[in-house]
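These notes concern the structure reproduced below.
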Amino acid sequence: QLSDRGCWSTWPAFASGQTVLQNPKPCCITKERKASNKQALLTIPKPRYLEQLESYLRKELQSLDLTKKNSQELKLQPYREIFEFFIDNFKTYKPLLSAIKNEYEVTLAHQKERIRALEPLKATISTVSEQYTQQILALQESERDEVKTLKQEKQHLLKVIENMKEEKSSLEIQVEHLKKSLAEEYLRYLNEHHARKLLLADMNETHNKQLDLPLHQVQGRENVKSEDVVKLTLALKIARQDLTKAQVELNRMIADYGDVVPRRDFESLEKKYSVLLQEMKIRQKDFDQLHKEYDMLLEIHRETAEERDKAFVELQEVQRSCTPRPSWAKCSEVIPGGADRWSSLAEGKTSDQLVDVLLEEIGTGVLRERDVFLGCGKGDNIPVYLRCEGEVKNKKLSKKDVVTILKDVWREKSALEQQMGKRSSLPEFFLCYLQKKHGEAAAMEWSYTIYENMRVYQSNPVMSTFYNILTGKVSEEQYHGQNQLISHLQKELAACDSSSTGSLSSEQFRQEEAFPLKRNESIQDLVDASRHRLDSAEDLINYRALFDEDEEGNAAPFVAMLRNQYVNEKQEYVRELGSKLGDLIEVNVDDLKSAFHAIDPDIDEQTLDIYVGLAFQVGKEQTDQDVLPVETVLERLMAGDVRRVGPSPREESKTECEEGE
1 QLSDRGCWST WPAFASGQTV LQNPKPCCIT KERKASNKQA LLTIPKPRYL
51 EQLESYLRKE LQSLDLTKKN SQELKLQPYR EIFEFFIDNF KTYKPLLSAI
101 KNEYEVTLAH QKERIRALEP LKATISTVSE QYTQQILALQ ESERDEVKTL
151 KQEKQHLLKV IENMKEEKSS LEIQVEHLKK SLAEEYLRYL NEHHARKLLL
201 ADMNETHNKQ LDLPLHQVQG RENVKSEDVV KLTLALKIAR QDLTKAQVEL
251 NRMIADYGDV VPRRDFESLE KKYSVLLQEM KIRQKDFDQL HKEYDMLLEI
301 HRETAEERDK AFVELQEVQR SCTPRPSWAK CSEVIPGGAD RWSSLAEGKT
351 SDQLVDVLLE EIGTGVLRER DVFLGCGKGD NIPVYLRCEG EVKNKKLSKK
401 DVVTILKDVW REKSALEQQM GKRSSLPEFF LCYLQKKHGE AAAMEWSYTI
451 YENMRVYQSN PVMSTFYNIL TGKVSEEQYH GQNQLISHLQ KELAACDSSS
501 TGSLSSEQFR QEEAFPLKRN ESIQDLVDAS RHRLDSAEDL INYRALFDED
551 EEGNAAPFVA MLRNQYVNEK QEYVRELGSK LGDLIEVNVD DLKSAFHAID
601 PDIDEQTLDI YVGLAFQVGK EQTDQDVLPV ETVLERLMAG DVRRVGPSPR
651 EESKTECEEG E
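If you use UniProt numbering, the sequence shown corresponds to residues 1 to 661, in order.
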């Protein structure tokens, strides 16, 4: 049931005159109010439509057979019908509720599809699991006999070990017993030897008593002599034993210390070794430095040889196709504005640039004469801002008008991107901008007119930049990168101008550290461009005037030089990357990252991921298996905003060499 104002029904209502939408948050309701709400809920009857829906739901649920396999899906159908009745009766909220219902239906269908896709995988997993289980059981069965045999062999070896231990113990006991027996026998024989000596002494004494005195003296001398022979025999035996021991000890000392040198010689050799090691480290350091310089010179020689070969080929091409220098003064007779205008256009330009100027003037005349453009068609390969058939009217805009429109497009696009928080497509936004400003009927006329003007006026930086980004030749990040570069330089120069006079001296301008990676030659070119309109005697540079543009979008020479250096530095960076990749035909993510680290060691991981994503044009999680041709990668990097993060290793080596010299 609905109220008179088209709001929700007031049941269950906790106070008269209030609706559900007007109630405060549940967390703000006090305990007393919750109690009164419960009491009011018991006293107020349900709406009739709610009772009808509940009754219908109960009947449908009772009529279902919940024993079937798809009982849950059958049970969901009554709830789906109740929700549809509910949506149909609330007209105001029908779109929102229908969107909610459709999202749930899509999610359920997606989950069913995933379950249906996973069912075969489940059966496969079960089959594979059973197969591997059978294989494991078969392996266990096949190895069971071998394990049993090994266990039996182990038991047998353990018994053998026990028997050998017992035999060893028995032999040790026998050896101890034999040692004791030998000692006892030795003592017995020693005692008998001593007893024999005593017996001989007694016999000699008795015999001497029986003889007379002379004979007794002679016998005494023989006795002494016999006793001395026995002592000498024992001493000789002991001396031989000591000699054997000394010989054994001497042999052992010769074997253990035969290769040992004296400590004095060792310390002397160690000192000489330390001196030689220090000299070797110095020589190795010098060798590494020379090797590094050699590699650098080899790389410079290779690049110089390539430049020489390229210059030689160009020279041959020029010599083969050279023609007499044209008389450009004749162009002043056909160019609007006469000789004065042609002199201003041709000032400081080469022959190739003069050809571009002449073609631009011719294209300008053709554009003024054309009343209509021929539509490109409506195919998918045609840009959205050119999808038109038949003839399209030429608005005949001036260069100033086109530049004003393009600048306004950039402003509108930047404001929209800041509001949305993400980058939008320039071709689509360009068409939407023209449709919003001039209507859908006239949008194509403005689009074709602006497109043809940009295609003709390539010397205008605003038009050429917009045209290159619109046609996809370069990325939009390059435009924003150049603008950030110029803005950063303006802030740095303003910070250096402490007195806020708007002017800096040449020395202050030269010492500005906004571009620490630029070479001295590039800094000098910027200084010369900043003094373009100054006399040689003037020293103050009006840095604010360096960033001015005329009404046709032409920048001052300083900004033009800055943009040219930006492009040249990016081209040199990408060429150095291509040289590091060498002869590779295809490159993957790891090779590209290694090449970036080699030519730019100070690059951080975030910047590296941005460059890799720009080269492969996919997300970071999808780049691990991607392989692309080297030419494609270099073209994409050339079209994007790619800059060096740290100093080049080659430049650092040159600086170190100069400091060393």
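Glycine included, every Cβ here is placed at the ideal spot set by N, Cα and C.
query	result
Evaluate contact between the stretch 421-430 and the stretch 461-479, counting only Cβ atoms and requiring at least three cross-stretch pairs below 8 Å.	yes
Given a cut-off of 8 Å, decide if residue 443 and residue 434 are closer than it, judged by their beta-carbon atoms.	yes
According to DSSP, is residue 598 helix, strand or coil?	helix
Rounded to the nearest angstrom, what separates residue 485 and residue 403 at their Cα positions?	21 Å
Does the ligand ZN have a heavy atom nearer than 7 Å to the CB of residue 183?	Among the ligands in the structure shown, none appear at all, so the ligand ZN cannot be discussed.
Could you tell me if residue 117 is buried or exposed, where buried requires 16 or more neighbouring beta carbons within 10 angstroms of its beta carbon?	exposed
Quick check: the Cα distance between residue 447 and residue 460, rounded to an integer number of angstroms?	18 Å
Hey, does residue 615 have any beta-carbon neighbour from chain C nearer than 8 Å?	Absent from the structure: chain C. Only one protein chain is present.
Drop a sphere of 10 angstroms on the beta-carbon of residue 466, count the other beta-carbons inside from all chains shown, and report buried for 16 or more, exposed for fewer.	buried
Would you kindly check if the distance between the Cβ of residue 600 and the Cβ of residue 645 is under 8 Å?	yes
Which value, in whole angstroms, describes the spacing of the CA atoms of residue 567 and residue 561?	10 Å
For residue 464, which residues of its own chain have a beta-carbon under 7 Å away from its beta-carbon, when the five flanking residues on both sides are left out?	458
Output yes or no for whether 8 Å exceeds the beta carbon distance between residue 636 and residue 617.	yes
What does the Cβ neighbour count give for residue 125, buried or exposed, with the cut at 16 atoms within 10 Å?	exposed
Which two residues bound the contiguous beta strand (DSSP E) that contains residue 541?	540-542
State the DSSP-derived secondary structure class of residue 376, mapped to helix, strand or coil.	coil
Where does residue 621 land, buried or exposed, given buried means 16+ other C-beta within 10 angstroms?	With a pLDDT of only 43 at residue 621, under the threshold of 50, the placement of this residue in the model should not be trusted; the figure read from the coordinates follows. Classification of residue 621: exposed, given that the 10 Å Cβ count is below 16.
Helix, strand or coil for residue 588, going by three-state DSSP, please let me know.	strand
CB residue 517 to CB residue 647, shorter than 8 Å?	yes
Tell whether a beta-carbon distance below 8 Å holds between residue 374 and residue 391.	yes
State the Cα-Cα distance for the pair residue 284 and residue 272, rounded to the nearest angstrom.	18 Å
Beta-carbon within less than 7 Å of residue 548's beta-carbon, same chain only, minus the 5 sequence neighbours each way: which residues are those?	556
Would you please state the rounded distance, in angstroms, between the beta carbons of residue 377 and residue 389? I believe it to be under 8 Å.	6 Å
Looking at the secondary structure, which residues open and close the beta strand (DSSP E) in which residue 505 lies?	503-505
My guess is that residue 90 and residue 53 are in contact by the Cβ rule of under 8 Å, so how many angstroms apart are they, rounded?	Not quite, the Cβ-Cβ distance comes to about 12 Å (not below 8 Å), so this is no contact.
When you compare each of 531, 244, 312 to residue 506 by their alpha carbons, which one comes out closest?	531
Closer than 8 Å by C-beta to residue 229: which residues in its own chain qualify, once you throw out the five before and the five after it? Chain order, please.	none
Is it buried or exposed, residue 160, if we count other Cβ atoms within 10 angstroms and call 16 or more buried?	exposed
Per DSSP, residue 393 is paired with what?	372
Would you identify the three-state DSSP class for residue 64, choosing helix, strand or coil?	coil
Between residue 641 and residue 471, what straight-line distance do the alpha-carbon atoms span, to the nearest angstrom?	16 Å
Could you pull the DSSP bridge partners for residue 496 from this structure?	Note: residue 496 sits in no beta bridge, so no partner.
Quick check on the burial criterion: 16 or more other C-beta atoms within 10 angstroms. Buried or exposed for residue 106?	exposed
From 87, 101, 287, 543, pick the residue whose C-alpha is nearest to that of residue 493; which is it?	543
Contact defined as beta carbons within less than 8 Å: I believe residue 595 pairs with residue 614. What is the distance between those atoms, to the nearest angstrom?	14 Å between Cβ atoms; not a contact.
State the CB to CB distance for the pair residue 359 and residue 453, rounded to an integer number of angstroms; the pair is presumed to be in contact (CB under 8 Å).	Rounded, the Cβ-Cβ distance is 14 Å, inconsistent with contact.
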